[in-house]
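The numbering of the sequence shown is my numbering, which starts it at -8 and goes up by one.
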Amino acid sequence: MLLQGRVAFVTAAGAGIGRAGALALAAEGARLVVSDRDPASASATAAMILSSGGAAEAMTLDVTDDDALTRAISDTASRYGRLDILHSHAGIQIPGRLDQITTGDMDASWRLNVRAHFVAAQAAVAVMKVQRSGSIIITASNSGVQYDREMIAYATTKHAVIAMSKQIAVDYARHNIRCNALCPGFIDTTFNAGFEAQMGGRAALEDYVAGSIPMGRFGTMDEIADSIVFLASDRSSFMTGHALVIDGAESL
Ligand SMILES: NC(=O)c1ccc[n+]([C@@H]2O[C@H](COP(=O)([O-])OP(=O)(O)OC[C@H]3O[C@@H](n4cnc5c(N)ncnc54)[C@H](O)[C@@H]3O)[C@@H](O)[C@H]2O)c1
-8 MLLQGRVAFV
2 TAAGAGIGRA
12 GALALAAEGA
22 RLVVSDRDPA
32 SASATAAMIL
42 SSGGAAEAMT
52 LDVTDDDALT
62 RAISDTASRY
72 GRLDILHSHA
82 GIQIPGRLDQ
92 ITTGDMDASW
102 RLNVRAHFVA
112 AQAAVAVMKV
122 QRSGSIIITA
132 SNSGVQYDRE
142 MIAYATTKHA
152 VIAMSKQIAV
162 DYARHNIRCN
172 ALCPGFIDTT
182 FNAGFEAQMG
192 GRAALEDYVA
202 GSIPMGRFGT
212 MDEIADSIVF
222 LASDRSSFMT
232 GHALVIDGAE
242 SL
């Protein structure tokens, strides 16, 4: 197994890509702390891991609470004696153009899509520096390498968090800490509800995906989970500061 003995902390692990990644990390032998704002969802993910013979504990955590986020990561490291992997995944998508969204919408986007990753990475780096190893994976989006229509808050914050991931990579490479940005394209989860509404419903979204993505389909959660395992493990040991785009060529 690729991650035997490693300890991983995941945010927004109660559904979608966060959950799929947590299950895949556990299947490779990592011990998981699966956190989510929704307690039942976090518990369900932990139960899925335990029932397949893995090691996991659930934690209720809203990543917009700086102190709770910092404490959750440093307590995890203290209790397990190490922290090898941080997958900082929670994010928000508020659709709209400059003249359609408010400063409050922009602040909310920044808070989740940039600031919470900053706080999580800061807590993880404090542990990983002493340990002299670690892999930080920050979920961005292919919206961080392209420009979507009428998505100013999302595209701006996802571009920003890729820049931050690269800066973390440069600053901590000498400490043997890697930091990469995960950039999925369209993955069929509840996360796309806002975009679906903006498009005019499910059928319109499916038409859009079929027509605008060169591979003609959504990506699957498992396809992203494979990349999470890759970035977490020594399979990517010389890769840092990379924005790994997995989007069926949508952004090309
Ligand atoms: N699904 C996609 O197509 C797609 C594409 C690119 C990037 N992403 C990114 O992936 C992340 C989430 O996508 P998903 O598809 O896994 O979503 P999802 O809707 O399937 O799951 C989101 C999870 O996040 C949790 N959550 C929401 N706000 C939170 C908070 N403040 N603190 C802690 N947990 C919180 C929810 O409870 C839920 O369990 C976001 O960062 C998003 O930008 C998704």
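C-beta: ideal position from N, C-alpha, C; glycine also. Here the structure is a predicted model, which is why all the values come from computation and not from measurement.
Asked	Found
heavy atom of ligand 1 below 7 Å from arginine 28 C-beta	yes
Endpoints, beta strand (DSSP E) assigned at threonine 51	46 to 51
Local Cβ density within 10 Å of leucine 243, reported as buried at 16 or more and exposed below that	exposed
Near ligand 1: histidine 80 beta-carbon under 7 Å from a heavy atom	yes
Isoleucine 127 CB to nearest heavy atom of ligand 1 below 7 Å	no
Proximity to alanine -1 [Cα-Cα], best of Ala21, Ala114 and Gly232	Ala21
Unbroken stretches of the beta strand (DSSP E), 3 residues or longer, contained in the stretch 145 to 200	168 to 175
C-beta contact flag for isoleucine 40 and proline 175 at 8 Å	no
Minimum C-alpha distance to aspartate 217 - residue among Ala6, Ala3 and Ala18	Ala18
Every unbroken beta strand (DSSP E) within the stretch 62 to 102, with a cutoff of 3 residues, ordered by chain	76 to 79
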